[in-house]
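Here's the structure we're looking at; comments come further down.
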Amino acid sequence: MQFTTDFFLRDTAEVARELLGHYLARETSEGLIKGIIVETEAYLSSSDPACHASRGQTKRNATMFGPPGKAYVYFIYGNHYCFNVVTGLEGKGEAVLLRAVQPVTGEDLMLKYRGNNCSEANLTSGPGKLCQAFAIDKSFDGHDLGDKPLYLLENKSAGKIGAIKATPRIGLSVGKEKMLRYIVEGNKYLSR
DNA sequence: GTTAAGATCTGCT
DNA sequence: GCAGATCTTAACG
């Protein structure tokens, strides 16, 4: 069962929290990769200096201003991709960053894409790592997350995954004080 | 045309 | 625990 547009049309912070426990799936020519989302961050358009959209629409962040339920992928620090889900009304410019997932299917493929011999807990515990393990790159910018080969799946047991906690966001120089990062407390695969 | 900063990760100390 | 790698984007001249 996949998500409908309505799910992403609600308050961005709420979507960020409710995505926890659901699946992110990726189909490659070599097989299926699947993980449970355990860490997200909300980026709001209004009064959120940390959000790319806060300084107006540009070529880079145009996807954020598009219709919800799409992937917003951007390149950062010369080495890493970050994967977001666009939320809110079209034109608003809000998104949820997926920071970490718990591997469920295709760990061998994740290992292969990550290259290095890393521990299981190190496979997807961070935005850049997650994108590497799922072989996500800029070509997925604007991709509809209801479509293969990259999509979100509803998990009926999402609520049982554990206690959900809000914390300050990670890695920002501004907007740190906002409690917009949502984690599954105590999960082994959190970025930190 | 040039420059500075960025939603990070890895390796070394 | 900390600095370096590495490159795209946006702002400025």
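Using the working numbering, read the first sequence as starting at 1041 and increasing by one per residue. C-beta: ideal position from N, C-alpha, C; glycine also.
> Tell me which same chain residues have a C-beta within less than 7 Å of the C-beta of ALA1090, skipping the five on either side of it?
Replying inline: Stepping through the first sequence from its first residue, residue 1090 is reached at position 50. Closer than 7 Å at the Cβ level, and outside the excluded window around ALA1090, lie TYR1083, ARG1209, LEU1212, VAL1214, GLY1215.
> Which residues mark the beginning and the end of the beta strand (DSSP E) in which TYR1063 is found?
Replying inline: Taking the first residue of the first sequence as position 1, residue 1063 is located at position 23. First-last of the beta strand (DSSP E) with TYR1063: 1063-1068.
> Is it the case that the Cβ atoms of LEU1060 and TYR1191 are separated by a distance below 7 Å?
Replying inline: Here residue 1060 corresponds to residue number 20 of the first sequence, with the count starting at 1. Here residue 1191 corresponds to residue number 151 of the first sequence, with the count starting at 1. Contact flag unset, no.
>> Give the list of continuous beta strand (DSSP E) stretches no shorter than 3 residues that lie fully inside the segment 1092-1161.
In response: Counting whole runs of 3 or more residues, the segment 1092-1161 contains the beta strand (DSSP E) stretches 1111-1116, 1120-1127, 1134-1145.
> Between which two residues does the beta strand (DSSP E) harbouring GLU1081 extend?
Replying inline: By one-based count along the first sequence, residue 1081 stands at place 41. Element bounds for GLU1081: 1071-1083.
> Which parts of the segment 1157-1226 are runs of the alpha helix (DSSP H), unbroken and 4 residues or longer, counting only runs that do not cross its ends?
Replying inline: 1167-1173
> Buried or exposed: ASN1157, going by 16 or more other Cβ atoms within 10 Å of its Cβ?
Replying inline: Within the first sequence, residue 1157 is the residue found at index 117, counting from 1. It counts as exposed.
>> Just verifying my parser: in three-state terms, what is the DSSP assignment at ASP1088?
In response: As a working mapping, residue 1088 is identified with position 48 in the first sequence. Of the three classes helix, strand and coil, the one that applies to ASP1088 here is coil, per DSSP.
> To which residues of the same chain is HIS1120 closer than 6 Å at the C-beta, ignoring the five residues directly before and after it?
Replying inline: For the purposes of this step, residue 1120 is taken as residue 80 along the first sequence, with counting starting at 1. Closer than 6 Å at the Cβ level, and outside the excluded window around HIS1120, lie GLY1168.
> Taking all protein chains shown into account, do 16 or more other C-beta atoms lie within 10 angstroms of the C-beta of LEU1185, making it buried, or fewer, making it exposed?
Replying inline: Counted from its first residue, the first sequence places residue 1185 at position 145. By the 10 Å Cβ count, LEU1185 comes out buried.
> Quick one: what does DSSP say ASP1046 is sitting in, helix, strand or coil?
Replying inline: Taking the first residue of the first sequence as position 1, residue 1046 is located at position 6. It is helical.
> Can you give the Cα-Cα distance for PHE1261 and MET1104, rounded to whole angstroms?
Replying inline: Any answer about residue 1261 is impossible in this case: the structure gives the chain only from 1041 up to 1232.
> Taking the alpha-carbon positions, what's the ALA1111 to LEU1137 distance?
Replying inline: What you label residue 1111 is simply residue 71 of the first sequence in a count that begins at 1. What you label residue 1137 is simply residue 97 of the first sequence in a count that begins at 1. Spanning the two alpha carbons is a distance of roughly 10 Å.
>> Let me make sure I understand the geometry here. Which of ASN1101, GLY1106, PRO1107, THR1045 has the alpha-carbon closest to that of PHE1115?
In response: Counting from 1 along the first sequence, the entry for residue 1115 is found at position 75. If we check each option's Cα against that of PHE1115, ASN1101 comes out closest.
> The alpha helix (DSSP H) with ARG1232 in it runs from where to where?
Replying inline: Here residue 1232 refers to the residue found at position 192 of the first sequence. Counting along the chain, ARG1232 falls outside any alpha helix (DSSP H), and DSSP gives it neither H nor E.
> Is the distance from the Cβ of GLY1075 to the Cβ of LEU1064 below 7 Å?
Replying inline: Taking the first sequence and counting its residues from 1, one reaches residue 1075 at position 35. Taking the first sequence and counting its residues from 1, one reaches residue 1064 at position 24. A contact, by the Cβ cut-off of 7 Å.
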